[in-house]
Amino acid sequence: MNSEGFHSSLFLSLLNFTIFDNYDSDGCYWIAFHTDALKLKMSAQKNPDKFFMSISEGEKKPFDFLRVIYDGCIAGGVAGVFVETALYPIDTIKTRLQVARDGGKIVLKGLYSGLSGNLVGVLPSSAIFIGVYEPTKRQLLKSLPENLSAVAHFTAGAIGGLASSLVRVPTEVIKQRMQIGQFKSAPAAVRLIVANEGFKGLYAGYGSFLLRDLPFDAIELCIYEQLRIGYKLAAKRDLNDPENAMLGALAGAISGAVTTPLDVVKTRLMVQGSQTHYKGIFDCMRTIVKEEGTHALFKGIGPRVLWIGIGGSIFFGVLEKTKQILATSHPQAEAQKRVSSKQD
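Going by my numbering, 273 is the number at position 16 of the sequence shown; the sequence numbering is gapless.
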């Protein structure tokens with residue numbers, strides 16, 4: 258199958274999953290919506306080049322590179338702080354579940370332990386992530402064929418994740434060790450980790466972090482962007498805030514579920530400290546399966562899917578809203594956008 262056929266099949270599968278598998282025969286709105294979606298599907302099958310050109314044409318136009326980076330950093334930072342603050346307790350429970358062995362009890366006290374120190378890292382890492390993702394995505398959409406928008410979104414997500422990992426990994430290491438009670442404060446954690454393990458201790462589990470987070474970032478953003486494209490075309494209008502949040506939740510939940518085993522491995526490697534119970538990613542995975550069974554690789558999947566699903570809803574909802582607010586603060590950009598819309 259060529260790239261055009263692959264991308265068409267991918268999008269149509271997502272369209273079937275998100276639209277046709279949720280049919281409500283009692284709702285007139287859904288009947289009309291499904292009729293439009295069926296026309297959309299037939300149009301894509303008959304003329305995929307024209308179809309996929311229309312979905313990315315706006316993002317392929319010339320753009321202010323520095324403005325896109327600036328807006329992306331602001332929107333990403335705000336969204337990251339919102340979602341981290343709201344869902345930190347669930348993340349703490351998930352971490353404690355994954356670290357517990359042999360049916361150990363999970364302590365439910367101190368669920369916000371380490372939040373303030375973690376936000377110091379979350380703000381810049383989220384800003385870098387979206388600040389790199391947005392211009393990379395737009396540049397790729399300009400460079401790649403019209404029907405490969407999913408490739409652009411997937412690749413840009415991975416690149417954004419790689420750039421932000423330099424800040425995200427130390428933040429994650431400190432956060433998770435505080436969540437399980439190893440340290441009382443972020444400054445103390447940094448000082449003792451460096452003293453006992455060296456600077457590399459702040460990047461414990463870096464390989465497993467990339468193994469989990471690069472696929473996760475790429476998959477989540479690709480699914481989210483493609484769902485937005487399909488939904489927007491089917492509805493024939495811009496998405497509102499609840500719709501952006503809904504699609505963000507769906508993208509986050511799917512991505513979180515399929516990457517849970519990688520998350521378990523990453524967590525075990527990050528919290529083991531100087532006691533090297535595991536020698537690396539694959540040794541960790543083999544040891545977990547041997548000592549605890551395959552099901553142990555899916556420890557915490559419930560809280561993780563809940564956490565990332567709700568997190569995706571908050572993150573993408575806040576992200577899109579912040580981007581809208583920033584766009585209205587640029588009068589010239591808004592005027593140019595209105596002119597472009599009329600020309601289209």
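C-beta: ideal position from N, C-alpha, C; glycine also.
Note that the structure is predicted; figures quoted are calculated from it, not measured.
When you compare each of the options to residue i by their alpha carbons, which one comes out closest?
| i | options | result |
| --- | --- | --- |
| Ser422 | Tyr488, Phe473, Ala343 and Thr533 | Phe473 |
| Gln433 | Leu471, Gly337 and Ile347 | Ile347 |
| Leu397 | Ala409, Gly388 and Glu403 | Ala409 |
| Lys394 | Ala384, Ala413 and Leu405 | Ala413 |
| Cys479 | Gly417, Ser370, Leu365 and Val522 | Gly417 |
| Asn501 | Ile326, His534 and Val575 | Val575 |
| Ile387 | Leu507, Leu419, Leu504 and Gln439 | Leu419 |
| Ile385 | Ala415, Ser570, Ile571 and Gln439 | Ala415 |
| Arg469 | Ala510, His552, Lys523 and Ala508 | Lys523 |
| Gly566 | Leu504, Gln529 and Ala553 | Leu504 |
| Ser370 | Gln439, Ser383 and Leu380 | Gln439 |
| Lys512 | Gly568, Ala553, Leu526 and Leu490 | Residue 512 is actually Ser in this sequence, not Lys. The shortest Cα separation from Ser512 among Gly568, Ala553, Leu526 and Leu490 belongs to Gly568. |
| Ala553 | Met435, Ala357, Lys493 and Ala475 | Ala357 |
| Phe572 | Leu471, Val340, Tyr327 and Tyr390 | Val340 |
| Met435 | Glu577, Ala475 and Gly367 | Gly367 |
| Val528 | Pro381, Ala446, Gly337 and Ser570 | Ala446 |
| Val338 | Val325, Ser382, Ile450 and Lys578 | Ser382 |
| Ile538 | Gly509, Leu490, Ala461 and Ile476 | Ala461 |
| Gly509 | Leu563, Leu490 and Met542 | Leu563 |
| Pro392 | Val451, Thr342, Ile450 and Val325 | Val325 |
| Ala514 | Glu477, Lys578, Glu577 and Val451 | Glu477 |
I'd like the span of the alpha helix (DSSP H) that includes residue i, first residue to last.
| i | result |
| --- | --- |
| Leu471 | Tyr463 to Ala492 |
| Thr544 | Ile538 to Glu549 |
| Asp229 | Because residue 229 is not part of the residues shown, which for the chain are 258 to 601, the question remains open. |
| Asp580 | The amino acid occupying residue 580 in the given sequence is Lys; Asp does not appear at that position. Lys580 -> alpha helix (DSSP H) spans Ile558 to Thr585. |
| Tyr390 | Leu372 to Ser400 |
| Ala553 | Ala553 -> no alpha helix (DSSP H), and no H or E assigned at all. |
| Lys441 | Per DSSP, Lys441 belongs to no alpha helix (DSSP H) and is neither H nor E. |
| Asn501 | Asp498 to Val515 |
| Gly458 | Looking at the DSSP string, Gly458 is not in any alpha helix (DSSP H), and its letter there is neither H nor E. |
| Lys366 | Element bounds for Lys366: n/a, residue is neither H nor E. |
| His410 | Ser406 to Gln436 |
Please classify residue i as buried or exposed, where buried requires at least 16 other C-beta atoms within 10 Å of its C-beta.
| i | result |
| --- | --- |
| Asp306 | Model confidence at Asp306 stands at a pLDDT of 47, short of 50, so the residue's coordinates are unreliable; what they give is reported in the following sentence. Asp306 is exposed by the Cβ-count criterion. |
| Gly550 | exposed |
| Gln532 | exposed |
| Ile288 | Note that Ile288 scores 37 on pLDDT, short of 50, meaning its location in the model is unreliable and no value can be drawn from it. |
| Thr292 | Note that Thr292 scores a pLDDT of 46, beneath 50, so its modelled location is shaky and nothing firm can be said. |
| Asn453 | exposed |
| Gly284 | Reliability fails at Gly284, whose pLDDT of 40 lies under 50, so the model's placement of it is uncertain and no value is given. |
| Arg425 | buried |
| Ser313 | Reliability fails at Ser313, whose pLDDT of 45 lies under 50, so the model's placement of it is uncertain and the value that follows must be treated cautiously. Flag for Ser313 reads buried. |
| Arg448 | exposed |
| Phe322 | exposed |
| Leu344 | buried |
| Val379 | buried |
| Pro444 | exposed |
| Leu507 | buried |
| Val389 | buried |
| Leu526 | buried |
| Leu365 | exposed |
| Ile437 | buried |
Of all Cβ atoms in chain C, is any one closer than 8 angstroms to the Cβ of residue i?
| i | result |
| --- | --- |
| Ser442 | Here there is only one protein chain, and chain C is not present. |
query: Is it a yes or a no for the segment 424-435 touching the segment 371-382, going by three-plus beta-carbon pairs under 8 angstroms?
result: For the pair of segments examined, the segment 424-435 was found to touch the segment 371-382: the number of CB pairs separated by less than 8 angstroms reaches three.
- prompt: Between the segment 576-588 and the segment 327-339, do three or more beta carbon pairs fall short of 8 angstroms?
  reply: Contact between the segment 576-588 and the segment 327-339 is present: 3 or more CB-CB pairs across the two stretches fall below 8 angstroms.
- prompt: Taking contact to mean at least 3 C-beta pairs separated by less than 8 angstroms, is the segment 493-502 in contact with the segment 551-563?
  reply: At 8 angstroms Cβ cutoff, the stretches do not touch.
- request: For the segment 512-519 and the segment 445-462, state whether three or more C-beta atom pairs, one from each stretch, are separated by less than 8 angstroms.
  value: Touching, no.
- prompt: Are at least three pairs of beta-carbons, each pair with one atom in the segment 399-416 and one in the segment 338-355, less than 8 angstroms apart?
  reply: Not touching, per the Cβ criterion.
field: Touch test, the segment 472-489 against the segment 541-550, Cβ-Cβ under 8 angstroms, three pairs minimum
entry: No, the segment 472-489 does not touch the segment 541-550.
message: Three or more C-beta pairs under 8 angstroms: does that hold for the segment 459-471 against the segment 389-403?
response: The segment 459-471 is not in contact with the segment 389-403.
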